[in-house]
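Q: Quick one: this structure, given as structure tokens, is what I'll be asking you about.
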Amino acid sequence: MAIIETKDLTKVFVLGRNREVTALNKINLAVEEGEIFGILGPNGSGKTTCLKILLGILFASSGETYIMGKGPFDLTMKKEIGFLPENPYYYDYLTGPELLTFYGRLFEIPPATLRSRVEEMLRLVNLQDVRRLSLRHYSKGMLERIGLAASMLNNPKVLILDEPTTGLDPIGCKETRDLLVDLKKQGKTVLLSSHFLSEVERVCDRIGIFHRGVLLTVGKLDVLQQQYKASNLEELFVKTITEFDRQHPVA
Numbered sequence: 106m107a108i109i110e111t112k113d114l115t116k117v118f119v120l121g122r123n124r125e126v127t128a129l130n131k132i133n134l135a136v137e138e139g140e141i142f143g144i145l146g147p148n149g150s151g152k153t154t155c156l157k158i159l160l161g162i163l164f165a166s167s168g169e170t171y172i173m174g175k176g177p178f179d180l181t182m183k184k185e186i187g188f189l190p191e192n193p194y195y196y197d198y199l200t201g202p203e204l205l206t207f208y209g210r211l212f213e214i215p216p217a218t219l220r221s222r223v224e225e226m227l228r229l230v231n232l233q234d235v236r237r238l239s240l241r242h243y244s245k246g247m248l249e250r251i252g253l254a255a256s257m258l259n260n261p262k263v264l265i266l267d268e269p270t271t272g273l274d275p276i277g278c279k280e281t282r283d284l285l286v287d288l289k290k291q292g293k294t295v296l297l298s299s300h301f302l303s304e305v306e307r308v309c310d311r312i313g314i315f316h317r318g319v320l321l322t323v324g325k326l327d328v329l330q331q332q333y334k335a336s337n338l339e340e341l342f343v344k345t346i347t348e349f350d351r352q353h354p355v356a
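For the sequence shown, the numbering used here begins at 106 and goes up steadily by one.
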């Protein structure tokens, strides 16, 4: 059963007089409940735009999107969603626990539950030892980890992650990868966008490749590799995009 779905999703940005850019062109995507689904594509391919429309951050030009059968502006659905944007903004002078507490209050998590949940999340992302440090002193990797903790604070059914391993060292990448696998075992659904092909290859059940606003292909990695006669994800990625560019040259 699809827990995330788009139907003919289209987004056109108007950049000026008589100038438009089609960021998404009739995207039909279905993410099954309990799977880790990876969205891949070059910069500007439409990945982040798709995620933002699913979450109601951007408006679609046409088409429909659903998460758990509900539209992007349904508040009951949003309480079941965790989201980590690619470039999150935080209040620099808050500590990690203060930031998580702030987000927890937005989700209306009861105070007693919130306190224990904050401690659990800090341990999960290995930031419990820097609890007194303000975010302005965090490294890029630490900011990525506190963002991941914030996205999981409400114990969401669906986790949407935009470049979750950016800024992480190899150990941090492995810890994040292991965490995603654990979340899947708990029955969570994870939709992630990433440039790190090796990470996607290791954790995702299925992938979708975006390019120039088009969803080129969707499927299990081994099936797609056979289809495109590719030995690994990198070769599959390059072949898929090169073939599309050859058939649809830029005017």
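For every residue, glycine included, the Cβ atom is placed at its ideal position computed from N, Cα and C.
How far does the beta strand (DSSP E) with Val119 in it reach, from first residue to last?
A: First-last of the beta strand (DSSP E) with Val119: Ala107 to Gly121.
Q: Consult DSSP for Asp234 and reduce its assignment to one of helix, strand or coil.
A: Three-state DSSP puts Asp234 in a helix.
Q: Return the CA-CA distance between Leu134 and Glu185, expressed in angstroms with no decimal places.
A: Taking the straight line joining both Cα atoms gives about 20 Å.
Q: Using 10 angstroms around the beta-carbon of Ala217, count the other beta-carbons present and answer buried if the total reaches 16, otherwise exposed.
A: The residue in question, Ala217, is exposed, as its Cβ has fewer than 16 Cβ neighbours within 10 Å.
Q: Rank Lys175, Leu120, Asp310 and Lys152 by C-alpha distance to the C-alpha of Asn130 and give the top, closest one.
A: It is Lys152 whose Cα lies nearest to the Cα of Asn130.
Q: Suppose you measure from the CA of Phe188 to the CA of Gly121; what does that come to, to the nearest Å?
A: Phe188 and Gly121: Cα-Cα distance of roughly 31 Å.
Q: Applying the 10 Å Cβ sphere with the 16-neighbour rule, what's the burial state of Lys245?
A: Classification for Lys245: exposed.
Q: Shorter than 7 Å, the distance from the beta carbon of Lys152 to the closest heavy atom of the ligand GDP, or not?
A: Absence of the ligand GDP from the depicted structure is noted, as is the absence of any ligand whatsoever, leaving it without description.
Q: With a Cβ-Cβ cutoff of 8 Å, do Ile109 and Leu285 count as a contact?
A: No, the Cβ-Cβ distance between Ile109 and Leu285 is not below 8 Å.
Q: In angstroms, rounded to a whole number, what distance separates the CA positions of Arg311 and Pro177?
A: Whole-angstrom Cα-Cα distance: 23 Å.
Q: Please return the same chain residues whose Cβ sits closer than 6 Å to the Cβ of Pro193, not counting the five positions on each side in sequence.
A: For Pro193, where only same-chain residues beyond five positions count, the Cβ hits under 6 Å are Gly252.
Q: From the DSSP output, read off the bridge partner residues of Thr379.
A: One cannot answer for residue 379 here, as it falls past the ends of the chain, which runs 106 to 356.
Q: Alpha carbons only, please: which of Leu211, Arg241, Gly272 and Thr154 is nearest the one belonging to Tyr196?
A: Checking every option, the nearest Cα to that of Tyr196 belongs to Arg241.
Q: Figure out for me which residue from Thr111, Phe118 and Tyr198 has the closest Cα to the Cα of Gly149.
A: Cα-wise, what sits closest to Gly149 is Phe118.
Q: Hey, Asp201 and Leu219 are a contact pair by Cβ (cut 8 Å); roughly how many whole angstroms apart?
A: The sequence as given places Gly at residue 201; Asp does not occur at that position. Rounded, the Cβ-Cβ distance is 14 Å, inconsistent with contact.
Q: Taking the C-alpha atoms as reference points, what is the distance between Pro190 and Ile162?
A: Those two C-alpha atoms are separated by around 11 Å.
Q: Leaving aside the five residues before and after Glu125 along the sequence, list all residues of the same chain whose C-beta is less than 6 Å from its C-beta, in chain order.
A: Only Val117 and Val119 meet the Cβ criterion.
Q: At which residues does the beta strand (DSSP E) containing Ala135 begin and terminate?
A: Residues Arg124 to Glu137.
Q: Quick one: what does DSSP say Gly143 is sitting in, helix, strand or coil?
A: Strand at Gly143.
Q: By the DSSP assignment, the beta strand (DSSP E) with Phe188 in it spans what residues?
A: From DSSP, the beta strand (DSSP E) with Phe188 extends over Ile186 to Leu189.
Q: Name the two residues that bound the continuous beta strand (DSSP E) containing Gly209.
A: Per DSSP, Gly209 belongs to no beta strand (DSSP E); it is in the alpha helix (DSSP H), Gly201 to Leu211.
Q: Is it a yes or a no for the stretch 167-175 touching the stretch 323-336, going by three-plus beta-carbon pairs under 8 Å?
A: No contact exists between the stretch 167-175 and the stretch 323-336.
Q: Which residues in the same chain as Met106 place their Cβ atom closer than 6 Å to its Cβ, once the five residues preceding and following it in sequence are excluded?
A: The answer, listed in chain order, is Glu138.
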